[in-house]
Structure formats: C-alpha cells, structure tokens
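With this note's numbering, you'll find the sequence shown wraps up at 179, consecutive numbering, no jumps.
Ideal Cβ placement from N, Cα and C applies to all residues, glycine included.
Below is one structure, written out as structure tokens; comments come after it.
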Amino acid sequence: MTECVFAPYFIEPYGIGQTAYAIGWRDEPPGERTFKLERIRRIEVLDEPYQIPETFDPHALLANAWGIWYTEGEPVEVVLRFHPRVIGRVQETQWLSSEKVEEQPDNFLLWRAKVAEPREMKPWIRGWGADCAVLEPTWLREEIAEEMRRAAELYKELDIGENRRIGGQNAG
Numbered sequence: 008m009t010e011c012v013f014a015p016y017f018i019e020p021y022g023i024g025q026t027a028y029a030i031g032w033r034d035e036p037p038g039e040r041t042f043k044l045e046r047i048r049r050i051e052v053l054d055e056p057y058q059i060p061e062t063f064d065p066h067a068l069l070a071n072a073w074g075i076w077y078t079e080g081e082p083v084e085v086v087l088r089f090h091p092r093v094i095g096r097v098q099e100t101q102w103l104s105s106e107k108v109e110e111q112p113d114n115f116l117l118w119r120a121k122v123a124e125p126r127e128m129k130p131w132i133r134g135w136g137a138d139c140a141v142l143e144p145t146w147l148r149e150e151i152a153e154e155m156r157r158a159a160e161l162y163k164e165l166d167i168g169e170n171r172r173i174g175g176q177n178a179g
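Structure follows, in structure tokens:
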C-alpha cells in the first residue's frame, strides 16, 4: 500500500466502469496525479490548507483525453477506417471535440481525432472488431493487429468442429 499527501483539484466521472477519478497534486513523487477513487483505501483529512492553482483548467487538461488519460506532450492524430455497416453508429456520437469524419468513395468512413494517449482507446477500437482498422499511428495499428492475430489463434485452438468438447460435455 502506498501512502501520500494528495490535494484534490477535480473529480472526473468516467462512464466506462461507472467510476470516478480525482485529479490533483501529490507530494511524493511531486506532481499532478490522477487516482481512481475505488482504489483509495483510507483517507485522513489534514489541517494543512492548499489552493488549487489558478492555472489549473480541468477542461483544457482533458480536452484531448479519450477518457481520463492526459499527457503534457502533444496529442497524437488517430485515423481509423470504419466499414460501411457501422457508419451510422460511429456518426451518431461525437467521441471527441477534435474529431473529423469523412465518407470515402468506397463508402468506408475515415475518422480522425487528436488524442492525448491513444492506448486508452484500444478497448473501444477492439470492440468494433473487423469493422474498424487503425491507419495511424503506425505503432497503434501494429499493436491492434498483433492483438487480433493472437485472438484469431485462440479461436483456431478451440477446434470449432462437430466433435469439440467444452467443459467435459459434447457441444453438438
């Protein structure tokens, strides 16, 4: 268990997992940090006052966050290609304020957005399955492609045939 002195600045609800995060200042190591509230086991209120810096702007901080992850670096442009069968679902929600969508001549949809930490998007991208391909950044495309290859291997190992057995019982 880690103990620290933490000065909360902002509470951010997060729909995925129905949770919330506290963003604030941590003493050691010093810096702005984010803590998931459910992971906090004990709180002790200190008598030491603190002030939220006037420069702290949670909306600017999270402007390019897919969820709660933010970075001090420049956001990364993510480009995704969606199959025509899911275009309606993709377009019915504005996922980020920076996003741009463009229907292609082949009826696929190009989706672009600046994202603080694209790894946070991986569950969402994987959730589209074969209806979504990562075009940029290259490292994200390679990570998702490798995960998809490993998933395909898992299905091959199941030996989906008439004589397959699951849990000791005939599946057929």
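Taking a 10 Å sphere around the C-beta of N71, we find 16 or more other C-beta atoms and assign the residue as buried. If you keep only unbroken beta strand (DSSP E) runs of at least 3 residues inside the region 25-107, you get 26-33, 38-43, 83-89. Within the same chain, Cβ atoms closer than 6 Å to the Cβ of F63 are found at Y16, the five residues on either side in sequence being excluded. Going by beta carbons, A120 and V93 fall outside the 7 Å limit. Annotation: the continuous beta strand (DSSP E) that includes P20 extends over 13-21.
DSSP assignment within the region 124-150 yields the following whole alpha helix (DSSP H) runs of 4 residues or more, N-terminal first: 129-134. Per the coordinates, the alpha-carbon of E61 lies some 14 Å from the alpha-carbon of W32. Here Y77 is buried. Its C-beta has 16 or more other C-beta atoms within 10 Å. Within 10 angstroms of the beta-carbon of Y28 lie 16 or more other beta-carbons, which makes it buried. For L116, the uninterrupted beta strand (DSSP E) segment begins and ends at 116-122. Counting C-beta pairs closer than 8 Å gives three or more between the region 123-137 and the region 145-152, which meets the contact rule.
Look at E10 here: in three-state DSSP terms it is coil, with no helix or strand label. Take the alpha-carbon of E10 and the one of E79: they are about 25 Å apart. Under DSSP, E109 takes part in a beta bridge, and its partners are L117. For the options F13, Q25, E109, the alpha carbon positioned closest to that of I50 is the one of F13.
Annotation: H90 to E55 spans about 55 Å, alpha carbon to alpha carbon.
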